[in-house]
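> If you read the protein sequences in the order shown, they are chains A and B. Numbered per the numbering used here, the first sequence spans residues 1 to 281. Numbered per the numbering used here, the second sequence spans residues 1001 to 1281. Please find one structure pasted underneath; my questions will follow.
2 protein chains.
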Amino acid sequence: MSSILIAIQEKQDRFKRQELKLANYILNHSQAVVSMGITELAKESETSTATISRFCKSLHFQGFTDFKMKLSADLAQTPLPNLYQDIVAGNSFESIVTAIESNHLRSISDTTRLIDQKQLKLAVDALAQAGQIDLYGVATSGIVAQDFYQKLLRVGKRVSAFADPHMQITTASTLQPGDVAVGISYSGETEETITALTCAKERGATTISLTKYGANTLSSLSDIKLFCSTLEEGMRRGDMASRIAQLHVIDVIFTCLVSQHFDELVPLLEQSYLMVKKYRS
Amino acid sequence: MSSILIAIQEKQDRFKRQELKLANYILNHSQAVVSMGITELAKESETSTATISRFCKSLHFQGFTDFKMKLSADLAQTPLPNLYQDIVAGNSFESIVTAIESNHLRSISDTTRLIDQKQLKLAVDALAQAGQIDLYGVATSGIVAQDFYQKLLRVGKRVSAFADPHMQITTASTLQPGDVAVGISYSGETEETITALTCAKERGATTISLTKYGANTLSSLSDIKLFCSTLEEGMRRGDMASRIAQLHVIDVIFTCLVSQHFDELVPLLEQSYLMVKKYRS
DNA sequence: ATTGATATGAAAATATTTTTCTTTTTATTA
DNA sequence: TAATAAAAAGAAAAATATTTTCATATCAAT
């Protein structure tokens, strides 16, 4: 917790009645306080502007504005709680912003720890040499597949990423040994994705899975297994952190691919960038 | 350097004479500025209080006090190592993984600092009350639009998110006052997105933009302006960090929306989850 | 119950910020 | 180059925000 908040907490027993009320409000709504005026804070905390002004002075700040400034700087520096939080009713927007930030930061850090260098290398090599690349994913994972699709297109890969399960099987059935199929599913149990990857495997393609960490069907089916961090599951959260984690892994793979085949791929990347710029306007 | 200072630096050529003088003073005395009043800053920077107030507004802060607060929080940030690395040749996979992690973490932290509570509230309220919601975005931002589309669908909103520019204009032209149009573009200069949002505005819809921080066409067109952190631009990196940042903002908006209308929206969210589970297998 | 000490909020005083309005500067055209 | 229009900037007025003062309320100790 921020050092100012700690100081307030420790001083609790020395506060007067209204000051205590104010202190509690500040402790519970620290993020909100920094964007309030003294009048608003007086109303919200059910105290008066005079009390607030005196409170700030008693904490050895120059005044309310000075207090707010120092608190804001202090809060910005504070490390975030490391807990995945679910959506609950009527939270303040400030606390939601903090919670989501924390979830996403954590999701990225955790996922980075789960990246296996060997599997990563295998995946990059397979993609580099692939004749055709198929990406399978539905719903949220479909978005991730689309993202990867755009990236691979820009470096001239032959790639398909249909959202339609029938089309997924259709392209899967055209794969050959040396081709690559990537199945993306957070749970690793999405039926459509499993089916498509099974079909690709049957055709002799190299199969890659990107799932949550731990045993699951999709991962057990695939030659190369990539993982992202396991979050507490909740239907409310809507897979937000897991999608960020999946994209993070995609970014890592793509960057490794481009870095390793720099001379060949970077000109293509730059060309696609310039061409779009040129012909779009 | 702090993302606010970077934004000021990048905008230098768009400043007027006195604004430039002020900008330079701020860049060279950032630490001092946070403990000055507007009158003192006017004297020190040899400008006027009016110029300063206008300057802060032009940077999308609520005013001088808000600017000072955000700057103070920003300066307090301990900078992360490996700041926004671009793809280079033949890096080890380990170093790439670390660099991408660092980029993404930084992107999320910076973007969180740029979220303006007032604009967020306006955006959430507008979306909550919207009859129809239109999402515009192409290429990478199109992926983000698709993501938002899936989320909004799950809470029963009437929403459209076409990638096709003609379809975007087609749906935009059917909007009415009370409806909402969201334009997503990292640069804020994507022609198709600007066109679609302009059309929506003409029809009387509330317009929301999600762009990089700093002056840009899309943001200047819109009623509600949301920003994500300004990264160094590079054609190689392929907007990886910016896409994560945009999704982060979408997650924040969506979570705030659901939290604020908990009783109404959560049952829909859970229903969609259960229905998919039931009928998919 | 009375007294005195402290705590508190309303309102006055002060300080600060924003907006308006006028002047100045700059650019444009004849 | 002068005339005019348009934009920029500062002075001052208006609006806001903060601090201090002061009257009243509360509470503890007799």
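Glycine included, C-beta positions come from ideal geometry on N, C-alpha and C.
Any idea if Lys1225 of chain B is buried or exposed, counting beta-carbon neighbours within 10 angstroms, 16 or more meaning buried?
With 16 or more Cβ atoms within 10 Å of its Cβ, Lys1225 of chain B is classed as buried.
> For Ile244 of chain A, return the contacting residues in chain B, with the cut-off set at a CB-CB distance below 9 Å.
Per Cβ cutoff of 9 Å: His1104, Ile1108, Ile1244, Leu1247, His1248, Asp1251.
> Ordered along the chain, which non-local residues of its own chain (more than five positions away) have a Cβ less than 7 Å from that of Cys256 of chain A?
So the list reads Leu120, Val124, once near-sequence residues are dropped.
> Once DSSP output is grouped into helix, strand and coil, what is the label at Phe1015 of chain B?
The answer is coil: DSSP assigns Phe1015 of chain B none of H, G, I, E or B.
> Determine, using beta carbons only, whether Met235 of chain A comes closer than 8 Å to chain B.
Note that Met235 of chain A has pLDDT 46, beneath the 50 cutoff, so the model's placement of it is unreliable and the number below is only indicative. Yes, its Cβ sits closer than 8 Å to a Cβ of chain B.
> What number of angstroms, rounded off, separates the C-alpha of Glu1044 of chain B from the C-alpha of Phe1055 of chain B?
Cα-Cα distance, rounded: 16 Å.
> Nearest-angstrom Cα distance between Glu270 of chain A and Asp1239 of chain B?
So the alpha carbons of these two residues sit roughly 13 Å apart.
> Buried or exposed for Val1276 of chain B, please, with buried defined as at least 16 other CB atoms from any protein chain shown within 10 angstroms of its CB.
Classification of Val1276 of chain B: exposed, given that the 10 Å Cβ count is below 16.
> Please go through the same chain and pick out, in chain order, the residues whose beta-carbon is closer than 7 Å to the beta-carbon of Val155 of chain A, but skip the five residues on each side of it.
Excluding sequence neighbours, Val155 of chain A sits near Val258, Leu265, Leu268, Leu269.
> Closer than 7 Å by beta-carbon distance: list the chain A residues that pair up with Thr1112 of chain B, in chain order.
The answer, in chain order, is Val97, Glu101.
> Can you tell me whether Lys1068 of chain B sits near the ligand HEM, meaning its C-beta is under 7 Å from at least one heavy atom of the ligand?
No copy of the ligand HEM appears in this structure; indeed no ligand is present at all.
> What residues of chain B sit near Ser35 of chain A, judged by a beta carbon separation below 7 Å?
The answer, in chain order, is Gln1117.
> Can you grab the Cα-Cα spacing for the pair Lys1068 of chain B / Tyr1025 of chain B, in whole Å?
For Lys1068 of chain B and Tyr1025 of chain B, the distance between alpha carbons rounds to 14 Å.
> To the nearest angstrom, how far is it from the Cα of Gly1142 of chain B to the Cα of Leu1020 of chain B?
Approximately 36 Å, taken between the alpha carbons.
> Is Glu1046 of chain B buried or exposed, if buried means 16 or more other CB atoms sit within 10 Å of its CB?
By the neighbour-count rule (16 or more Cβ atoms within 10 Å), Glu1046 of chain B is not buried but exposed.
> Comparing C-alpha positions only, which one of A:Leu59, A:Lys70, A:Phe93 sits nearest to Lys1118 of chain B?
Measuring from the Cα of Lys1118 of chain B, the nearest candidate turns out to be A:Phe93.
> Report, in whole angstroms, the separation of the C-beta atoms of Ile1250 of chain B and Val1144 of chain B, which I expect to be a contact under 8 Å.
Ile1250 of chain B to Val1144 of chain B, Cβ: 6 Å. Contact.
> Which whole-angstrom value is the C-beta distance of Leu5 of chain A and Val34 of chain A, which I expect to be below 8 Å?
With a Cβ gap of about 12 Å, Leu5 of chain A and Val34 of chain A do not count as contacting.
> Please report the residue range of the beta strand (DSSP E) in which Asp134 of chain A lies.
Taken as a continuous stretch (DSSP letters only), the beta strand (DSSP E) holding Asp134 of chain A covers 133-136.
> Quick check on the burial criterion: 16 or more other C-beta atoms within 10 angstroms. Buried or exposed for Ser1185 of chain B?
Burial call: buried.
> Buried or exposed: which applies to Asp74 of chain A, given that a residue is buried once 16 or more other Cβ atoms fall within 10 Å of its Cβ?
Buried.
> Pull up the DSSP beta-bridge partners for Ile208 of chain A, would you.
The partner list for Ile208 of chain A (beta bridge, DSSP) reads A:Val182, A:Ile224.
> Let me know the beta strand (DSSP E) ranges lying completely inside the region 95-146 of chain A, each 3 residues or longer, listed in chain order.
You should have 133-136.
> Check each candidate in B:Ile1008, B:Ser1048, B:Ala1076, B:Lys1057 and name the one with the smallest Cα separation from Gln1031 of chain B.
For Gln1031 of chain B, the nearest C-alpha among the options comes from B:Ala1076.
> Could you please give me the residues that DSSP links to Val159 of chain A through a beta bridge?
Answer is A:Ile133.
> Going along the chain, which residues of its own chain have a beta-carbon closer than 7 Å to the beta-carbon of Phe61 of chain A, five neighbours each way excluded?
Once the five neighbours on either side are set aside, the close Cβ partners of Phe61 of chain A are Phe67, Lys70.
> So Ile6 of chain A contacts chain B; which residues on that side make the cut at Cβ distance below 7 Å?
Within 7 Å Cβ-Cβ: nothing; Ile6 of chain A doesn't reach chain B, min ~16 Å.
> Any beta carbon of chain B sitting closer than 8 Å to that of Leu120 of chain A?
Yes, because at least one Cβ of chain B sits closer than 8 Å to the Cβ of Leu120 of chain A.
> Note the first and the last residue of the continuous alpha helix (DSSP H) segment covering Pro1165 of chain B.
Taken as a continuous stretch (DSSP letters only), the alpha helix (DSSP H) holding Pro1165 of chain B covers 1165-1172.
> Go to Arg1203 of chain B, then tell me how far its alpha helix (DSSP H) extends in each direction, as first and last residue.
That residue, Arg1203 of chain B, is in no alpha helix (DSSP H); it is neither H nor E in DSSP.
> Roughly how many whole angstroms lie between the Cα atoms of Ser1209 of chain B and Ser58 of chain A?
Whole-angstrom Cα-Cα distance: 43 Å.
> Going straight from the alpha carbon of Gln246 of chain A to that of Cys228 of chain A, what length do you get?
Taking the straight line from one Cα to the other gives about 6 Å.
> Select from B:Val1138, B:Lys1157, B:Gln1146 the residue whose C-alpha is nearest the C-alpha of Thr1195 of chain B.
When each option's Cα is compared against that of Thr1195 of chain B, the closest is B:Val1138.
> I'd like the list of long-range same chain contacts for Arg17 of chain A, defined as Cβ closer than 8 Å, with 5 residues on each side in sequence excluded.
Taken in chain order, the list of residues that qualify is empty.
> Just mark Asp1134 of chain B as buried or exposed, buried being the case when its beta carbon has 16 or more other beta carbons within 10 Å.
Buried.
> Does the beta carbon of Asn91 of chain A sit closer than 8 Å to a beta carbon anywhere in chain B?
Answer yes: the Cβ-Cβ gap between Asn91 of chain A and chain B drops below 8 Å somewhere.
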